[in-house]
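In terms of our numbering, the sequence shown is numbered consecutively and its last residue is 239.
Beta carbons are placed, not taken as given, at the ideal position from N, Cα and C, and that holds for glycine.
Here the structure is a predicted model, which means the values were calculated and not measured.
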Amino acid sequence: MKKILISLCLYGSLVAGVLQAQNVYDTFIALNNAYSSNTTAFYCVQLLEEYSTDGTLLSETPAVSIISGNKEITRIEQRRQPLYFLSTPHGYWIKNSKLKSPLKIAGSYKIQEVHMQDLLRIDYENDFAMKEDESDNESIMLQRINKKVTYPYARLQYKDNRYVVEFLDSKKQKTKVLVYERMTVDGRDCFAKITITDTVFAPNVFYCFITTTIREIHVSDALFSHLYMDELIRVMDTR
């Protein structure tokens, strides 16, 4: 009888842990998708800040994004030269005044020391799958299912009212940390601040990607293709 009770207690703890992990995951996905809709496009005003590890502000770079479902175009002002990045389920493209046509790039393409795939909204819901056998009430293990993403694994944790994602290599060693902070922007509950730390290649700095404005706009979802990137850029630049 005692063994049965112990087994039931252990099973109950396991179920409770799985349910808690699922709740953390569901809330994280909902917040990450806060301005992602297949029927509405969102125009976001953003700012990329670079800091030294002692908290000194090193640089500020303005940015603007238009998001439609799991597709996004972002304009970043770099050295007074606007760079445009397009993200779709099929990959990433870059465009500037020197390129006659969009150039396909890897998500590891860097702006300063930040990979573009970290700035463009990561689609955790469709690009990763939860590994329940490696998840508990303290952390959730996610495995890549879309090879567009360069990170084989991600570990999600909820700490101090913030969501922490550790990206892992194929041996499950930590390579990067993204911290998502929940805020309200223009009446919308979302992740308005993302802190990015590259623990391998740039451990002496960290970046904050901050969203200050979110508003709905009318943009055809069909334009979110590298084939129509020039037209999409014109739409963005007239806002």
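In the structure shown, the three-state DSSP call for Arg-234 is helix.
Ile-66 is positioned such that its CB atom lies no closer than 8 Å to that of Tyr-84. Assignment of Asp-189 by DSSP, reduced to helix, strand and coil, places it in the strand class.
In the structure shown, the three-state DSSP call for Leu-120 is coil.
About 13 Å separates the CB atoms of Phe-167 and Tyr-180; that is not less than 8 Å, and the two are not in contact. In the DSSP assignment, Ile-105 falls within the unbroken beta strand (DSSP E) covering 103-105. Counted as a single uninterrupted DSSP element, the beta strand (DSSP E) harbouring Ser-87 occupies residues 81-88. For His-226, the three-state secondary structure derived from DSSP is helix.
The DSSP-derived three-state label of Leu-99 is coil.
Here Asn-96 is exposed, its C-beta having fewer than 16 other C-beta atoms within 10 Å. Taking the Cα positions, Asp-127 is about 5 Å away from Asn-146. Around the beta carbon of Glu-138, fewer than 16 other beta carbons lie within 10 angstroms, which makes this residue exposed.
Taking every protein chain shown into account, the CB of Arg-79 has fewer than 16 other CB atoms within 10 angstroms, so this residue is exposed. Between the alpha carbons of Asp-230 and Glu-132 lies a distance of about 43 Å. The C-alpha of Val-164 is placed about 15 Å away from the C-alpha of Asp-136.
Here DSSP, grouped into helix, strand and coil, assigns Val-24 to helix. Taking Gln-173 as reference, the option from Gly-187, Asn-161, Ala-154 and Asp-186 with the minimal CA-CA separation is Ala-154. Annotation for Phe-206: the continuous beta strand (DSSP E) segment containing it runs 202-217. Between Ser-36 and Asn-70 the beta-carbon gap is near 7 Å, inside 8 Å, which marks them as a contact.
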